[in-house]
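Remarks on the structure that follows.
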Amino acid sequence: MNGKIKSYPDTLIIITTLLLLGIGVVIVYSASAVLSAQKFDDQFFYAKRQLMWAVLGIISMFTMMNYDYHKLRRIAKPLLIICFLFLVAVAIPGIGSVRGGSRAWLGIGSFGIQPSEFAKLGIIIYFAYMLERTQDRISEFKRGLLPPLAIVVSAVGLIMLEPDLGQSVVLMGTAIIIIFAAGARGTHLLGLASLAIPAFVGLVVVAPYRLKRIFAFMDPWAYELDAGYHIIQSLYALGPGGLMGLGLGRSRQKFLYLPEPQTDFVFSILAEELGFIGGATVLLLFLLLVWRGLRTAITAPDTFGSLLAVGITGMIAVQVIINIGVVTGSMPVTGITLPLISYGGSSLTLMLTGIGILLNISRQTR
0 MNGKIKSYPD
10 TLIIITTLLL
20 LGIGVVIVYS
30 ASAVLSAQKF
40 DDQFFYAKRQ
50 LMWAVLGIIS
60 MFTMMNYDYH
70 KLRRIAKPLL
80 IICFLFLVAV
90 AIPGIGSVRG
100 GSRAWLGIGS
110 FGIQPSEFAK
120 LGIIIYFAYM
130 LERTQDRISE
140 FKRGLLPPLA
150 IVVSAVGLIM
160 LEPDLGQSVV
170 LMGTAIIIIF
180 AAGARGTHLL
190 GLASLAIPAF
200 VGLVVVAPYR
210 LKRIFAFMDP
220 WAYELDAGYH
230 IIQSLYALGP
240 GGLMGLGLGR
250 SRQKFLYLPE
260 PQTDFVFSIL
270 AEELGFIGGA
280 TVLLLFLLLV
290 WRGLRTAITA
300 PDTFGSLLAV
310 GITGMIAVQV
320 IINIGVVTGS
330 MPVTGITLPL
340 ISYGGSSLTL
350 MLTGIGILLN
360 ISRQTR
């Protein structure tokens, strides 16, 4: 069955993706219009760029939909090496550029790429390739589980140098999902989780701003002008939205109250303008996308395709959970975009590229 396209792609994945993408372009314009006008004297500045990246992402998605995913085995190793080279390069002063307090970008001026986004997809592809070949010993800790863990921990370590806790959590969460799907023992993963908790506590303690975010998560109003500001302003957006919302374009929080409303907190503006119904609709679309992704993984013709589908679907699910958790005050604030909705060139195009791979797998399902 390898290499033979034998059916149409999953139509529901395509429809759901395009619906979320369309909602994203509209809500990015609405959320960013005031900020765009103030910073660039052009209320369409972010919207035009988002539309451009969406078009490029759609081209990439349909290209990968028609590119036999089995050929990705050939580039899995080189792709992993390139991802690590990018992660090292971005940490070098003068090469990596600082935005929002993190040295997480490579590029010139306002155009740039985020290597951590490439790393997520690159590691998914490599893990699918690697774990297919070593699945017979994945239940062994030393020979099966330790090698992929060493890779992802190394990548996370480089991303934390930026520092970017949000991307690190998404990458680690996605990697664990793939490793578990490949057949790793639950006891091994639980044992590693017990070790990861002290490590996480250590990361929080050594960085005072992270510790302050934990305190702000527990009582944001005690830090209302500092670490709790984002959470409070997000809740001020969610609350007035009610059932039906204030109406598209009528958000109050986008008038420079909620920082960067077009990226990490775009769902807050969406819920303020479109209400509970609008927010729930978006979450249901994501749930549908995850369901079809998991269905593709289950019916994939081989282990490589199954693990690829699990990884891409898991990446989407983890990112949605973290973003929604942050904007609703259910998790401490960490910077992570909402897939297909938030403004961002690297995240959007790479996400659509991953969905294109998922669609190609769906064309070859049993």
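Numbering-wise (numbering that gives the first Met the number 0), the sequence shown opens with residue 0 and increments by one. All residues carry an ideal CB built from backbone N, CA and C; glycine is no exception.
Secondary structure of residue i, DSSP reduced to three states
i: residue 361; result: helix
i: residue 96; result: strand
i: residue 6; result: coil
i: residue 223; result: coil
i: residue 67; result: coil
i: residue 338; result: coil
i: residue 136; result: helix
i: residue 256; result: coil
i: residue 0; result: Low local confidence applies: a pLDDT of 43 at residue 0 is under 50, so the model's placement there is unreliable, with the coordinate-based value given in what follows. Coil.
i: residue 184; result: coil
i: residue 250; result: coil
Alpha helix (DSSP H) segment containing residue i, residue limits
i: residue 232; result: 228-240
i: residue 310; result: 302-326
i: residue 267; result: 265-298
i: residue 179; result: 164-180
i: residue 157; result: 145-159
i: residue 331; result: Where residue 331 is concerned, there is no enclosing alpha helix (DSSP H), given that its DSSP letter is neither H nor E.
i: residue 243; result: Premise fails: residue 243 is in no alpha helix (DSSP H) and is neither H nor E.
i: residue 215; result: 207-217
Span separating the alpha-carbon of residue i from that of residue j
i: residue 176; j: residue 37; result: 42 Å
i: residue 307; j: residue 359; result: 11 Å
i: residue 50; j: residue 24; result: 6 Å
i: residue 52; j: residue 348; result: 6 Å
i: residue 159; j: residue 212; result: 17 Å
i: residue 227; j: residue 69; result: 47 Å
i: residue 161; j: residue 118; result: 14 Å
i: residue 199; j: residue 7; result: 44 Å
i: residue 94; j: residue 121; result: 21 Å
i: residue 10; j: residue 65; result: 14 Å
i: residue 42; j: residue 33; result: 6 Å
i: residue 125; j: residue 302; result: 13 Å
i: residue 273; j: residue 85; result: 39 Å
i: residue 350; j: residue 338; result: 7 Å
i: residue 60; j: residue 220; result: 43 Å
i: residue 361; j: residue 295; result: 5 Å
Identified DSSP bridge partners for residue i
i: residue 105; result: 95 and 112
Short CB-CB distance (under 9 Å) between residue i and chain D
i: residue 290; result: Here chain D cannot be found, since the structure has a single protein chain.
Residue i Cβ short of 8 Å to the ligand ADP heavy atom set
i: residue 346; result: This structure simply doesn't include the ligand ADP, nor any ligand for that matter.
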